[in-house]
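Taking this note's numbering, the leading residue of the sequence shown gets 1, the next gets one more, and so forth. Using N, Cα and C, we set each Cβ at its ideal position, and we do this for glycine too. Since the structure is predicted, the reported quantities are computational estimates derived from the model, not experimental observations.
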Amino acid sequence: MEEGRVRAILEEGLRALGLALEERAVDGLAKFALLIHRWRSRYRCVSQTDLGEIAIFHILDSVAGLLALGGPGRLVDVGSGAGLPGIPLALADPSIEAVLLEPRGKHIEFLERAVEELGIEGRVRPLRARAEEAGRDPSMRESFEIAVARAVGPLPVVLEYALPLLKIGGRFVAYKGPRWGLERGEGEEAARVLGGRLSEVVEFDLPLAGRRRALLAFEKCSPTPPRYPRRPGIPEKRPLPR
1 MEEGRVRAIL
11 EEGLRALGLA
21 LEERAVDGLA
31 KFALLIHRWR
41 SRYRCVSQTD
51 LGEIAIFHIL
61 DSVAGLLALG
71 GPGRLVDVGS
81 GAGLPGIPLA
91 LADPSIEAVL
101 LEPRGKHIEF
111 LERAVEELGI
121 EGRVRPLRAR
131 AEEAGRDPSM
141 RESFEIAVAR
151 AVGPLPVVLE
161 YALPLLKIGG
171 RFVAYKGPRW
181 GLERGEGEEA
191 ARVLGGRLSE
201 VVEFDLPLAG
211 RRRALLAFEK
221 CSPTPPRYPR
231 RPGIPEKRPL
241 PR
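Okay, structure coming up:
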């Protein structure tokens, strides 16, 4: 009964977003919503307790990122938390291979459990690490076509986390609320310092929620200077472009 309710919400929301997914993908998204709901207390994955709200505010909102990704590729989810938006994006598009970057052990435990139960461990890998450390790791730096971040921090901060991880020509998509314009100026300045530029803004109404959302897409135009990202904690304490 619960799965049927979640599936109905997802199907209605996907239609409203103009996204046509395979049945298998919708099944996976519904199962993931149920996993979050089942384990929310133990792992403190999300604040919502209602299954319908989880489906709308987390699953549908995450999948909406497809409107701005710009194509398939190797993806890194920066500050993945409960796997949002990385897992829904990978479920929606089977061509996506994803690394879920998350520093908190409890969340990594949930991500490992979820990836296994969803049967996507072959192409989705949770990794316990801070973004600042990953961005300086030669095996990670400038190795992804796509980076995403949702509810991680202000634009200048998440840009310093994400852009060093992207290849030239890669795209970073930041999920933002209706007041995204207040961050735009400093975000664009930070992007220039880091070798990127704002290339697209996709605004949409989150179905069944009445909330305005925005996807800010940044293109990686040139190599990020070697000094970035700065040491762990510094991007948050002293955001660019200061």
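Beta-carbon proximity check, residue i vs residue j, cutoff 8 angstroms
i    : j    : result
P78  : A129 : The residue you asked about is not Pro; residue 78 is Val in the sequence shown. No, they are not a contact pair.
P225 : A131 : no
A30  : V63  : no
A25  : L51  : no
L19  : L66  : yes
R91  : G28  : Rather than Arg, the amino acid found at residue 91 in this sequence is Leu. Yes, Cβ-Cβ distance for L91 and G28 is below 8 angstroms.
S80  : E116 : no
R171 : I146 : yes
L17  : F204 : yes
P241 : P154 : no
Rounded C-alpha distance that separates residue i from residue j
i    : j    : result
E183 : L69  : 20 angstroms
V158 : Y175 : 11 angstroms
E11  : E236 : 38 angstroms
S199 : K220 : 10 angstroms
E133 : P232 : 7 angstroms
V173 : Q48  : 24 angstroms
A217 : V148 : 9 angstroms
V244 : R113 : Beyond the ends of the chain as shown, which are 1 and 242, falls residue 244; an answer cannot be given.
Sequence-distant residues of its chain with Cβ nearer than 6 angstroms to residue i (five each side left out)
i    : result
D61  : L206
E186 : P156
Cβ shell of residue i (< 7 angstroms), same chain only, five flanking positions each side left out
i    : result
A82  : I36, C45, V46, H107 and F110
W39  : C45 and F110
P72  : D93, S95 and I96
L260 : Outside the shown range of the chain (1 to 242) lies residue 260, about which nothing can therefore be said.
G13  : I56, L60, P207 and L208
Residue i, buried or exposed, once every other Cβ within 10 Å from all chains shown has been counted against 16
i    : result
R15  : exposed
G169 : exposed
I234 : exposed
P178 : exposed
G181 : exposed
R150 : buried
Contacts around residue i, its chain only, beta-carbon distance under 8 angstroms, and the 5 residues preceding and following it disregarded
i    : result
P223 : E142, I168 and G195
I9   : G52, A55, I56, L60 and L208
Closer than 8 angstroms to chain B by CB, residue i
i    : result
I234 : In the displayed structure, chain B is absent; only one protein chain is listed.
**Contact the stretch 86–98 vs the stretch 111–123: 3+ CB pairs below 8 angstroms** = yes
**Prompt:** Do the stretch 31–44 and the stretch 105–119 make contact, defined as three or more Cβ pairs closer than 8 angstroms?
**Reply:** yes
**Asked** Looking at C-beta atoms only, is the number of pairs between the stretch 204–213 and the stretch 138–154 that lie closer than 8 angstroms three or more?
**Response** no
**Message:** Using 8 angstroms as the cut-off, can you tell me whether the stretch 163–174 makes contact with the stretch 189–205, which would need three or more C-beta pairs spanning the two stretches below that distance?
**Reply:** yes
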